[in-house]
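Have a look at the structure below before the remarks.
In the working numbering, the protein residues as written are 34 to 230.
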């Protein structure tokens, strides 16, 4: 009888150790709830920051694209010995006189115009032109010698603005006789137009 009791208790002990080893590999309900709560708090803090980061990157990318388009227009004018323009376009082949989110580089030689590059800006961005650019129908025209004309002026600027950002919500792109450049600035909620160079 003593042996039977002893073998029964050894058997129970082995089962208990085996089952406790299986239980040690998992998580308790409390641990799982704490983890989910921490992830929820981190997510609530991180999601708005990601939204702002995306808006900042979208604005910087659009500014870089417009600077590259201006540089391409200047290069096309010089290499083709023709007039090249950066202008807004509704159809991708001709210029329009109103700012929009679709822009093209248009090369005009011997009366024939050929689009050579296009830039599509995100719909969340606003475009504002300087006084020279507005008066010049939103066109940057480069002559065969590489000099820019904005209407009848030698310089002009445009601003790309992201109204959902609070600080540095605008990129000003400017073209003058000697240079093409961009700079970040605060334009306010109304996305104010930049000054001319």
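Think of the CB as a built atom: it goes at the ideal place given N, C-alpha and C, for glycine as much as any other residue.
- Considering only 156, 174, 173, 178, the residue with the shortest C-alpha distance to residue 197 is 156.
- Sixteen is the threshold: since fewer than 16 other Cβ atoms of the shown chains lie within 10 Å of the Cβ of residue 223, the residue is exposed.
- For residue 177, the secondary structure class from DSSP, reduced to helix, strand or coil, is coil.
- Taking 3 residues as the minimum length, the beta strand (DSSP E) runs contained wholly in the stretch 73-152 are 116-121, 135-142, in order along the chain.
- Following the DSSP letters along the chain, one finds residue 161 inside the beta strand (DSSP E) bounded by residues 159-162.
- Between residue 162 and residue 226, the gap from beta carbon to beta carbon is short of 8 Å.
- Of the other Cβ atoms in all chains shown, 16 or more fall within 10 Å of the Cβ of residue 183; this residue is therefore buried.
- Taking the C-beta atoms as reference points, residue 117 is found nearer than 8 Å to residue 139.
- Within the same chain, 205 come within 6 Å of residue 216 by CB-CB distance, once the 5 residues on both sides are set aside.
- Distance between residue 137 and residue 125, taken at the CA atoms: about 7 Å.
- Within the same chain, 122, 125, 135, 136, 137, 138 come within 8 Å of residue 151 by CB-CB distance, once the 5 residues on both sides are set aside.
- With a contact defined as Cβ atoms closer than 8 Å, residue 210 and residue 181 qualify at about 7 Å.
- Less than 8 Å separates the beta-carbon of residue 193 from that of residue 160.
- It is roughly 55 Å from the alpha-carbon of residue 74 to the alpha-carbon of residue 186.
- Around the Cβ of residue 213, a 10 Å sphere holds 16 or more other Cβ atoms; the residue is buried.
- In this structure, DSSP gives residue 193 an extended state, which the three-state scheme calls strand.
- Between residue 170 and residue 189, the C-beta spacing is not below 8 Å.
- Excluding residues up to 5 positions away in sequence, 217, 218, 219 lie with their Cβ nearer than 7 Å to the Cβ of residue 201 in the same chain.
- A direct Cα-to-Cα measurement between residue 68 and residue 77 gives close to 14 Å.
- Listed in chain order, the non-local C-beta contacts of residue 110 below 7 Å within the same chain comprise 116, 117, 175, 176, 177, 179, local neighbours out to five positions each way being set aside.
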